[in-house]
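S.K.: For the sequence shown, position 136 (counting from the first letter as 1) is numbered 136 according to full-length UniProt numbering, and the numbering increases by one without interruption.
Idealized CB from N, CA, C, for every residue including glycine.
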Amino acid sequence: MGILIGVDGGGTHSTAVAVAPDGRVLAVTYGEGLNHHNIGIPTARTRLAGMIRALRTQCGEPVVLGVCVGMSALDGPADEKTLRQFAVGELAGFPLDLQSDAYIALVGFAKGAPGLIVICGTGSMLLMVDERRRQYVSGGWGYLLQDAGSGYTLAREALLAVTAEADGVGPATALTADALDCFGAKTARGLIDVVYAPSFTPDRMAGFARCVLARAEQGEDAAAAQILRGNMERLAAQAACMMKKAPAVRRVGLYGGIFNHSAQARSLFAAALTRQCPEAEVCRLDCPPELGAVIHLLLREGEPDAQVLARMQKTYRGIYHGCH
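(1) Per DSSP, Val169 forms a beta bridge with which residues?
(2) Does the separation of the CB atoms of Gly121 and Ile258 fall below 8 Å?
(3) So what's Thr82 in DSSP terms, helix, strand or just coil?
(4) Taking the straight line between their C-alpha atoms, what separation do you get for Gly76 and Val129?
(5) Residue ranges of each alpha helix (DSSP H) run of no fewer than 4 residues wholly in the segment 33 to 118, ordered along the chain?
(6) Would Leu235 and Val118 be called neighbours here (beta carbons separated by less than 8 Å)?
(7) Can you give the beta carbon distance from Val28 to Ile319, rounded, assuming they're within the 8 Å contact cut?
(8) Given that a residue counts as buried once 16 or more other Cβ atoms are within 10 Å of its Cβ, and exposed if not, what is Cys323?
(9) What does the alpha-carbon distance come out to for the pair Val17 and Gln276?
(10) Starting from Thr176, follow the alpha helix (DSSP H) in both directions and report where the run begins and ends.
(11) At the level of alpha carbons, what is the spacing between Ile52 and Ala224?
(12) Pull up the distance between the alpha-carbon of Val67 and that of Ala248, whole angstroms please.
(13) Mark Ala310 as exposed unless 16 or more other C-beta atoms lie within 10 angstroms of its C-beta, in which case mark it buried.
(14) Using three-state DSSP, classify Tyr152 as helix, strand or coil.
(15) Rounded to the nearest angstrom, how far is the Cβ of Ile3 from that of Cys59, given a contact under 8 Å?
(16) Examine chain B for any beta-carbon lying closer than 8 Å to the beta-carbon of Val7, and answer yes or no.
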């Protein structure tokens, strides 16, 4: 019969799914991150091969008709060099299609129609596809440059508020006590030893964003509220700028940990965007990125049947919840 494989290859963990051509989800498996910038292509290749092997074993060793992998290390479709580096060894016999993780999330959201997705996790990125399926990217600059709305940026701006209070040039903020507790420092200046330690990672910094979101939701800390509002307005300005390039785009999907965990972030973003683009329809994603990867494979053959898409989402929910 054959199977289509879709993979959401994140920075820290990955999810892979096997789908029959008629849309039935046959198996789901999980693995470690596939960001080859961090772990190297050989390790990423080994991890991907392991997930494909696990899916084929669960499905009875069928022929693999296509494999689409959304990878956090990519900003768009992989170039020929990257494809060649992955398509060796155990992966040599599989038809690989390597895309960005943002793209497969967008395809899962828009299902081939024009749309825009805003992703806010440790980093942030906006991706849009117009009516001719041309891709547009905004953000995604990484934590050292500019990732408005990301967990890292929210946390870093919160620490700036903490240092401003300590230096006497900023107002008191509850974020100071939160930062000392989160990072295990006794004083504000003790944070220096923490954040400049060789073992300190962007993920650990981004984890502090949970405190920023909590304080902003409570509405009792001006610094936290201002940080969240300012970041959502910057993101909305980026989205509005993109939408002006593609008038057919109306639907805007919100995805990632910041939006998943903060109703206020979603509300602030939607309000800021609709002020600039009243026609925008802001909503959360209803289809996981790994299914978006499979939909991408179907789109290469033409417009997928609505019944196939509906069957895919229905059967995925049954298997996914059975695994959790």
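M.R.: Walking through what the data contain:
(1) Numbered from its first residue, the sequence shown carries residue 169 at position 169. Paired residues: none, contrary to the question.
(2) Residue numbering aside, residue 121 sits at position 121 when the sequence shown is read from its first letter. Residue numbering aside, residue 258 sits at position 258 when the sequence shown is read from its first letter. The answer is yes: Cβ separation under 8 Å.
(3) The count along the sequence shown starts at 1 and reaches residue 82 at position 82. Helix, per DSSP.
(4) As a first step, residue 76 is located in the sequence shown; it is residue number 76 there, counting from the start. As a first step, residue 129 is located in the sequence shown; it is residue number 129 there, counting from the start. In this structure, the alpha-carbon of Gly76 lies about 12 Å from that of Val129.
(5) Runs of the alpha helix (DSSP H) inside the segment 33 to 118: 36 to 39, 41 to 59, 80 to 86, 101 to 110.
(6) Residue 235 sits at position 235 when you count from the first residue of the sequence shown. Residue 118 sits at position 118 when you count from the first residue of the sequence shown. Yes.
(7) Walking along the sequence shown from the start, residue 28 turns up at place 28. Walking along the sequence shown from the start, residue 319 turns up at place 319. Taking the Cβ atoms as the reference, Val28 lies roughly 5 Å from Ile319, within the contact range of under 8 Å.
(8) Residue numbering aside, residue 323 sits at position 323 when the sequence shown is read from its first letter. The predicted model places Cys323 with a pLDDT of 49, which falls under 50 and marks its position as unreliable, so this point remains unresolved.
(9) Here residue 17 refers to the residue found at position 17 of the sequence shown. Here residue 276 refers to the residue found at position 276 of the sequence shown. Across the structure, Val17 and Gln276 are spaced so that their CA atoms are roughly 38 Å apart.
(10) Working through the sequence shown from its first residue, we reach residue 176 at position 176. Its alpha helix (DSSP H) spans residues 175 to 183.
(11) As a working mapping, residue 52 is identified with position 52 in the sequence shown. As a working mapping, residue 224 is identified with position 224 in the sequence shown. Distance between Ile52 and Ala224, taken at the CA atoms: about 43 Å.
(12) The residue given as residue 67 occupies position 67 in the sequence shown. The residue given as residue 248 occupies position 248 in the sequence shown. Approximately 30 Å between the Cα atoms of the pair.
(13) Within the sequence shown, the letter at position 310 stands for residue 310. Answer is exposed; the Cβ neighbour count stays below 16.
(14) Within the sequence shown, the letter at position 152 stands for residue 152. Looking at Tyr152 - three-state DSSP - the assignment turns out to be helix.
(15) In the sequence shown, residue 3 corresponds to position 3, counting from 1. In the sequence shown, residue 59 corresponds to position 59, counting from 1. So it is a contact: roughly 6 Å between Cβ atoms.
(16) Note that chain B does not occur in the displayed structure, where there is just one protein chain.
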